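**Student:** Let me begin by handing over the structure; questions about it come next.
Numbering (this note's numbering), first residue to last: 29 to 729.
So, in C-alpha cells, the structure goes:
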C-alpha cells in the first residue's frame with residue numbers, strides 16, 4: 029500500500045486498451061503501452077539483428093565489413109526492441125530468453141500484452157481486487173490483483189544469492205516457465221515460527237487448457253547446508269501449499285518454487301508470503317445465526333487471540349481476515365444462517381445415545397476421532413419433507429461427509445455422500461452431503477453423520493442443517509462485463525441454482541443501472557436452470573463504465589422472494605469442466621476508441637511520399653521529413669517506436685501546418701543502401717496516442 033507498481037496484463041484483443049478499472053477504492057491505473065505478439069518472420073529478423081549486434085561490438089572492422097556485405101533486416105515496431113543497440117549484454121540475454129526460449133510454451137490466449145501502472149493509495153484496504161481494461165471493443169473480463177501489506181520482491185530483484193538474502197516478512201512474486209525452479213534466499217532468526225503461504229491457484233482459479241486446471245505450485249525450504257527442512261504441494265483440501273516451520277537456528281534459508289510436474293508458461297504466476305505471520309489453521313464453530321453475536325475459537329500460528337468475532341450479516345458463506353500486530357491473517361470462510369443453532373453434545377455415537385434436535389435448526393459439531401459417527405434424533409410428521417444438509421468442505425473443513433436418514437427400526441430411508449453445489453464455483457471436489465426425504469408417518473427419525481474415509485480430528489468440523497424443505501434459489505449472471513454501443517444491446521445469461529425442490533418461474537429485472545439503460549423482459553421458466561436476456565444502452569450513451577444490478581423474483585409459499593444475481597465468469601477447467609466463478613462487480617461498458625489526432629500525411633519536399641519514394645538519408649548525416657495534419661499535439665512526446673539498425677530520431681519540431689521530423693544515419697552502424705521504415709510514436713504523458721505514418725528511408729553516400 030502507498031506504492032506504484034508496473035503490471036503486465038496478458039490476453040486477447042487488447043490493442044487500443046486505454047483505461048484501467050480496479051474494484052474498490054484507493055487503486056488507480058494507467059495504460060502505458062500495448063505489446064503485440066511477434067510473428068515468426070519478425071522473430072527471425074530480430075534474431076539476425078541481435079546476432080549482428082553482438083558481432084559488431086567485437087570490432088569496428090568487423091562491423092564495417094558486415095555493413096558493406098549484408099542486406100540487413102529491419103526491426104518491427106515493438107516496445108521490447110526499442111534502443112536495442114544500447115542494451116547491455118545482460119539485457120540482451122534476458123530478451124533472447126524471452127523471445128527464443130525453446131522450452132517456452134505457446135499460449136495464444138495471453139499473446140496480447142498491455143503494460144499498466146497502478147498507484148495504490150496508503151489508505152487502500154488490503155485484499156483481493158478485480159482489474160479490467162477498457163478497449164475499443166469494450167471491457168475485459170476481470171483478473172485478480174491483490175493489495176498486500178508486506179514488502180514486495182519480484183524474481184530478479186533480490187534474494188537470488190545467499191549474500192543477497194531478503195529480510196522477513198516479505199512477499200515474493202514470480203512466474204514459472206517450463207522446467208524452471210525459482211530460488212529465493214531469506215534470512216531467519218532462531219525460534220521464529222515461519223509461515224510460507226503460496227498463492228497460485230488462488231490468483232488464477234482455472235486454466236482451460238491445463239491439467240488439473242491450474243498451476244499446481246510447490247514450495248520447498250532448505251537450510252544453509254542444503255538440507256530440505258520443509259516441503260508442501262497443497263494445504264488440507266486447498267491446492268495452494270502452506271508451510272509452517274519453526275526455525276531451529278539463525279541463518280540463511282533457501283526457498284524453491286516450481287510446478288509439481290515442472291510445467292510452466294507465462295500465466296503460471298505466484299505470490300509467496302514469508303514471515304512470522306498470523307495464520308489461522310481452524311475455527312469452531314464454522315458460523316452462526318444472523319443477528320446474533322458470533323464468536324469462534326481459533327487455532328493457528330502467531331495468533332495474538334484465541335477467539336474472534338465474526339460479522340453476522342447476510343445469510344450465506346462469508347469470508348473474514350483479521351489485521352493483527354504481526355500482519356494480516358489468511359482468509360477464513362464461515363456461514364451465516366437464519367435458523368436456531370446448537371452445539372453437538374457428546375456422547376452421541378449410537379442410535380441409543382442420539383442427540384435430540386428440534387426442527388428446524390443447525391447443529392455445529394465435529395467428527396472428533398477416526399471412525400466416529402454422530403447421531404441426531406428428530407421428530408417428523410406424515411408427508412413432511414425432511415432435509416439434512418452438511419456444510420463442511422465448503423467452509424474449509426477436512427470432513428468428507430456421509431449422511432443417512434433412518435427410521436426407528438433402523439431402516440435407511442435415504443443416503444448421500446457428495447452433492448454438487450454449483451453456487452460454489454471454486455470447489456472441484458464436492459464433498460458435502462445433502463438429503464431430502466418425505467417421511468411416511470409420524471415418529472422419530474435418526475440422522476447419521478460420518479466421514480467417508482473414516483477419518484476424524486479437530487479439523488473435521490461441520491454445520492448440519494435439519495429442517496423441513498425451504499425452497500429457494502440463487503442467481504449468477506455471466507459474463508460480468510456487458511459491452512455495449514450507443515443504441516445497441518448485448519446479451520447475458522442468468523443461471524438459477526435451485527434449492528430444496530423449488531421449481532417455479534423466476535422473473536428477471538434490471539434493478540440498477542444508468543438512466544436510459546433497459547433490459548428485455550425475461551424469466552427463467554419453471555424447472556429451467558438459465559435464461560438469456562438483452563441489455564440495451566440509449567442512443568446517446570457516452571463512453572464509460574457503469575455498475576449494473578440484476579435480480580430475480582419468484583413466488584414461494586405465497587410470498588414474493590427477491591434474490592440479487594451475483595456477477596460471475598463461466599470458466600473452463602482442464603478442457604472439460606465448467607464453473608461459475610463469482611466476482612465482485614457487474615459492469616456495463618460503452619467502448620470505442622478515444623479521440624486521437626487526425627491522420628497524418630507524410631510529405632517529402634512538398635510531394636506525397638507514395639509517389640516520391642523513400643527519404644534519402646546521408647550516411648553519417650541527417651534528413652528532414654515534413655508531416656502535415658491537424659493541430660493540437662502540443663505537450664506530447666515523440667520517440668522511435670522501432671529502431672532500424674543505425675537509424676535514429678534526432679527531433680520533432682513544429683512547422684506551419686504540421687511537424688518536421690529529423691532522422692539520422694549513424695556512420696558506424698548504418699550502411700549505404702540500407703532501406704526500411706522508421707515509425708515515430710506519439711505519447712501524452714505515459715499514454716500512447718498512436719504512431720505517425722511510417723517514414724520510408726534509404727541510406728545514401
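Where is the CB? At the ideal position from N, CA and C, for every residue including glycine.
Predicted model only: the values in this text are computed from it and were never measured.
#1: Give the single residue among 683, 648, 507 whose Cα lies nearest to the Cα of residue 676.
#2: Quick one: give me the first and last residue of the alpha helix (DSSP H) that residue 338 is part of.
#3: Taking only three categories from DSSP, how would you classify residue 136?
#4: State yes or no: is the C-beta of residue 62 within less than 8 Å of the C-beta of residue 171?
#5: Taking buried to mean at least 16 other C-beta atoms within 10 Å of its own C-beta, is residue 116 buried or exposed?
#6: In the structure shown, what three-state DSSP assignment does residue 220 receive?
#7: Assuming contact is defined by CB atoms lying nearer than 8 Å, are residue 149 and residue 30 in contact in what I supplied?
#8: Nearest to residue 221 by CA position, among 308, 611, 329, 109, is which residue?
#9: Would you report the Cα separation of residue 158 and residue 351, rounded to the nearest angstrom?
#10: In terms of alpha-carbon separation, which member of 461, 468, 438 lies closest to residue 417?
#11: What residue range does the alpha helix (DSSP H) around residue 439 cover?
#12: Helix, strand or coil for residue 118? Go by DSSP, reduced to three states.
#13: For residue 161, does the three-state DSSP call read helix, strand or coil?
#14: Taking only the alpha-carbon atoms, compute the straight-line gap between residue 753 and residue 403 and give it to the nearest angstrom.
#15: Going by C-alpha distance, which of 369, 250, 76, 331 is nearest residue 320?
#16: Within the same chain, show all residues whose beta-carbon is closer than 6 Å to that of residue 322, passing over the 5 residues directly before and after it, in chain order.
#17: As a quick exercise: from 405, 421, 394, pick the residue whose alpha carbon is nearest that of residue 485.
#18: Quick check on DSSP: helix, strand or coil for residue 450?
#19: Leaving out five residues on either side along the sequence, give the residues of the same chain with a beta carbon under 7 Å from the beta carbon of residue 217.
#20: Just grab the DSSP bridge partners of residue 575 for me.
#21: Flag residue 73 as yes when its Cβ comes closer than 7 Å to any non-hydrogen atom of the ligand SAH, and as no otherwise.
#22: Who does residue 500 pair with in a DSSP beta bridge?
#23: What does a CB cutoff of less than 8 Å around residue 585 pick up in its chain, not counting 5 residues either side in sequence?
#24: Our contact map puts residue 463 next to residue 442 with C-beta atoms below 8 Å; I'd like the distance itself, whole angstroms only.
#25: Going by alpha carbons, who is nearest to residue 667 out of 710, 42, 646, 398?
#26: Distance, Cα to Cα, residue 626 vs residue 347?
#27: Can you give me the C-alpha to C-alpha distance between residue 283 and residue 250, rounded to a whole angstrom?
#28: When DSSP labels each residue in this structure, what does residue 39 get in the three-state scheme?
#29: Can the beta-carbon of residue 270 be found less than 8 Å from the beta-carbon of residue 224?
#30: What are the residues that DSSP puts in a beta bridge with residue 607?
#31: By the 10 Å Cβ neighbour count, where 16 or more other Cβ atoms means buried, how is residue 623 classified, buried or exposed?
#32: Name the two residues that bound the continuous beta strand (DSSP E) containing residue 646.
#33: Between the beta-carbon of residue 690 and the beta-carbon of residue 679, is there less than 8 Å?
#34: Give me, in chain order, the residues of the same chain whose beta-carbon lies closer than 7 Å to that of residue 163; leave out the 5 immediate sequence neighbours on both sides.
#35: How is residue 253 classed by DSSP in three states: helix, strand or coil?
#36: Have a look at residue 363 and residue 344 and give me their C-alpha separation to the nearest angstrom.
**Tutor:** Taking the geometry as given:
#1: 648
#2: Where residue 338 is concerned, there is no enclosing alpha helix (DSSP H), although the beta strand (DSSP E) around it starts and stops at 335-338.
#3: helix
#4: no
#5: exposed
#6: It is coil, neither helix nor strand.
#7: yes
#8: 329
#9: 21 Å
#10: Selection 461, 468, 438 evaluated against residue 417 yields 461 as nearest (Cα-Cα).
#11: Residue 439 -> no alpha helix (DSSP H), and no H or E assigned at all.
#12: helix
#13: strand
#14: Nothing can be reported for residue 753, as the shown portion of the chain is limited to 29 through 729.
#15: 369
#16: 316, 338, 340
#17: 394
#18: It is coil, neither helix nor strand.
#19: Here the set comprises 275, 278.
#20: 615
#21: The ligand content of the structure shown is nil, which means the ligand SAH is not present either.
#22: 527
#23: 499
#24: The Cβ separation is near 5 Å, so the contact holds.
#25: 710
#26: Residue confidence for residue 626 is low, a pLDDT of 46 falling below 50, so the modelled location carries little weight; the figure read from the coordinates is stated next. Using only the alpha carbons, I get a separation of about 51 Å.
#27: 6 Å
#28: strand
#29: Judged by their CB atoms, residue 270 and residue 224 are nearer to each other than the 8 Å cut-off.
#30: 599
#31: Annotation note: pLDDT 47 at residue 623 (below 50); position unreliable, coordinate value reported separately. Here residue 623 is exposed. Its C-beta has fewer than 16 other C-beta atoms within 10 Å.
#32: 643-646
#33: yes
#34: 41, 42, 44, 45, 619
#35: coil
#36: 6 Å
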